[in-house]
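Here our numbering is used: position 311 in the sequence shown is 1136, and no number is missing along the way.
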Amino acid sequence: MTASLLLVWICTAFALELAVGVAVVLVRRRRRLALAAMSVAAPTPANAALAWAGWREFRVVRREFEDAAQTQCSFYLVPVDGVALPDYKPGQYLTFALDVAGSADTAPPRPITRCYSLSDRPDPLRYRITVKRVGPPPLAQSLPPGVASNHLHDRVHEGDVLRVRAPAGRFVIEPDDPTTPVLIAGGIGITPLLAMLNWWLAERPDRPIHLYYGLRHSREQAFRPWLEQQAAAHSHFHLTIACSRPDPGEEPGRDFQHLGRVDVELLQRTLPAGRHRFYVCGPPAMLGSVPPALRGWGVAAGDIRIEAFGPASTDAPEALTPSPAAPESGAASFEVRFARSGRTLAWDGRDASLLAFAERHAVVVDSGCRSGSCGSCETRLIAGRVDYARPPDHEIAPGHCLLCVGTPRSALVLDA
Ligand SMILES: Cc1cc2nc3c(=O)[nH]c(=O)nc-3n(C[C@H](O)[C@H](O)[C@H](O)COP(=O)(O)OP(=O)(O)OC[C@H]3O[C@@H](n4cnc5c(N)ncnc54)[C@H](O)[C@@H]3O)c2cc1C
C-alpha cells in the first residue's frame, strides 16, 4: 500500500514537473514568435553601428499622447534589422519618407519627406519622436490640414514600419561647455530641447540648466508630469512655464510661472549673472523676436543657437548679421534655366530661395522640410553657383544644390 502510494506520488510529481516544463517552453516560444512577427530583434550593443546611409526600416512599438489636448503624440521606434542604434547628439532630428494616402480613395499613396526631432536622450535600443498634429492656418481654415503630421496621428499605428534616414542636424547641445545652457522652447519646439535636457540631467547632474517653455495655455504643455518630476528631483534644473493665454481656472504658480510670452525681460529678470548659451526652438514669432532681443542685450551671436521647424531658419543669428557676400546674391539679377522643364526665367532677388522662385513660376520640383535639412529638393547643378546664407544641415552631393535654402550667385542651369 505504502509502496503504491509512493509510486503514485512520484508519478504525480513527475507529471507536474513535465507540465511546468512544457508550459515554460510554450510561453517562451510564444514570446519568440510574437517578437518574430513584429520583426523586432533586441538590438545588441556589441553590434552598435555607425550612422547608416539612405533609408532604414523602423517599427513603431509604442504610441503615447504627451499633452492633455492630445495633439502631440510620441512614437517609439525600433530598428527592424535589430542592429543597435548609433549614438546621436541631443538636438538632432530624423528624416522620414512617408507614403501618404492620395486625396481620393482610389489615388495611389504619394511619398513625402518630413523631419522630426529626436525627443529623448540617446538610447541604443530605440528612438523617440513627438509629432504635433498640424491644422489649417488660423486665418485660412478652408486649406487642408498638415499632410504628414495628420498621417502619422491617424494612420500610423503600433506595429507599422516607417522608412527613416540617420540622425542629422547641427542644433546640438555642447557636451563640454563651461557656460550654462538656457533652453527656450515655443510649443512643439520643445522636442529637441527635451533631448538636450534629458541628456544634461543624466550626464551633468551637478551643473545648472534652465528651460523656458512658452505656450498659450497649459493644456498645450507636453511632458508635464515628467518635467515637474525632474524639476522636483534636480535642484540645478530651473523650469519656467510661460502661458500667454491661460484657460480660465489655470493658476500662476501651479500651472505656469510667467503670464505672457518668453521674452528678454523675463530672461533678464530670472537668469543669474554669468555667461549662458541660448538654444531656441519655436514658432516663427519666437524665432523672429527672441534671438534679435538677445543680441540687443549683448549676447554674442555664437552663444545663440536656433532651430526652425520650417523656412524660418533664415532668421538664424548669422543671417541677422549680414556677411559680405549676402547682398550680392539678393540684389543681382540672373538668368535661371530649368533644363528639364524647358523654362528660362529671370531671378530678380524677390524670392527667399530657388524653391520659392520655382514654385512661383509653376516649375514642379520636389520639396520636404524647406529648411535645408531633408535633401528632398537636392537638384543637379548643370552650370553656375548657388549661395547659402548658412551651411545647410543636409550634406549636398558634389555637383548638386539645395533649392529650398539656395539663391543664385551667377546665372544657373538646373536639372529640373
Ligand atoms: C529639423 C526639423 C525638425 C522638426 N521636428 C519636429 C518635431 O519634433 N515635431 C513636430 O511636430 N514637427 C517637427 N518638425 C516639423 C515637421 O517636419 C513638419 O513640418 C510638420 O509636421 C508639418 O508637416 P505637415 O506635413 O503635417 O504639414 P504641411 O502639409 O506641410 O502643412 C503645413 C501647413 O500649411 C498649411 N497649408 C496647406 N496647404 C496650404 C496652401 N496651399 N497654402 C498655405 N498653407 C497651406 C496646412 O494647413 C498646415 O497648416 C520639424 C521640422 C524640421 C525642419
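Glycine included, C-beta positions come from ideal geometry on N, C-alpha and C.
Secondary structure remark: continuous alpha helix (DSSP H) runs of at least 4 residues inside the segment 1012 to 1067, in chain order: 1015 to 1028, 1049 to 1058. A distance below 7 Å between beta-carbons, with the five flanking residues on each side excluded, links H976 to the following residues of its chain, in chain order: L923, V925.
Between the segment 1003 to 1010 and the segment 1027 to 1046, the count of Cβ pairs shorter than 8 Å is three or higher; the stretches touch. In the DSSP assignment, V903 is bridged to R884. Judged by DSSP in its simplified three-state form, T896 adopts coil rather than helix or strand. Annotation: G1099 is outside any beta strand (DSSP E) and is labelled neither H nor E by DSSP. Contact between the segment 1021 to 1035 and the segment 949 to 956 is absent: fewer than 3 CB-CB pairs across the two stretches fall below 8 Å.
Boundaries cannot be given for A1187, as no alpha helix (DSSP H) includes it and DSSP labels it neither H nor E. Distance from the CA of G1123 to the CA of V1089, rounded to the nearest whole angstrom, comes to 11 Å. Taking 4 residues as the minimum length, the segment 938 to 971 contains no alpha helix (DSSP H) run wholly inside it. With contacts defined by Cβ atoms closer than 8 Å, F883 and V903 form a contacting pair. Under DSSP, the beta-bridge partners assigned to W1172 are F1159. Relative to the non-hydrogen atoms of ligand 1, the Cβ of V956 comes within a distance shorter than 7 Å of at least one. Shortest gap from the CB of E1132 to any heavy atom of ligand 1: under 7 Å. Cβ atoms of G1193 and R953 stay farther apart than 8 Å, at about 21 Å. For P1109, the three-state secondary structure derived from DSSP is helix.
Of the heavy atoms belonging to ligand 1, none sits nearer than 7 Å to the Cβ of G1231. Take the alpha-carbon of G1231 and the one of S1178: they are about 5 Å apart. Remark: C-beta atoms of V1189 and C1202 do not approach each other more closely than 8 Å.
Excluding the 5 residues flanking it on each side, A1183 has same chain C-beta neighbours closer than 6 Å at V1190, in chain order. Residues T896, Q897, C898, P970, G971, S974, N975, H978 of the same chain have their beta carbon placed closer than 8 Å to that of R958, with the five preceding and five following residues left out of the count.
Distance from the CA atom of Y1104 to the CA atom of E1160, rounded to whole angstroms, is 39 Å. Secondary structure at P934: coil, using DSSP grouped into helix, strand and coil. The Cβ-Cβ distance between V956 and F900 falls below 8 Å. Short of 8 Å from the beta carbon of P961, and not among the five residues preceding or following it, lie these beta carbons of its own chain, in chain order: S967, L968, P969, P970.
E1220 and G1200 have their C-alpha atoms some 8 Å from each other. According to the DSSP secondary-structure assignment, I1129 is paired through a beta bridge with F1103. With respect to the 8 Å criterion, R1032 and H1061 are classified as neighbours on the basis of their beta carbons. In this structure, V972 has its CB closer than 7 Å to one or more heavy atoms of ligand 1.
For A991, the enclosing beta strand (DSSP E) begins and ends at 986 to 993. Listed as beta-bridge partners of G1231 by DSSP are Y1213. Take D1176, set aside five residues on each side of it, and the residues of its chain with a beta-carbon closer than 7 Å to its own are F1182, R1185, in chain order. Straight through space, the alpha carbons of P1073 and P936 are spaced by roughly 43 Å. Put simply, of Y941, R1234, I1207, A1236 the residue whose alpha carbon is nearest the alpha carbon of A1222 is I1207.
Just so you know, the alpha carbons of P1003 and P1097 end up roughly 15 Å apart.
Here the alpha carbon of G994 sits roughly 33 Å from the alpha carbon of L1170.
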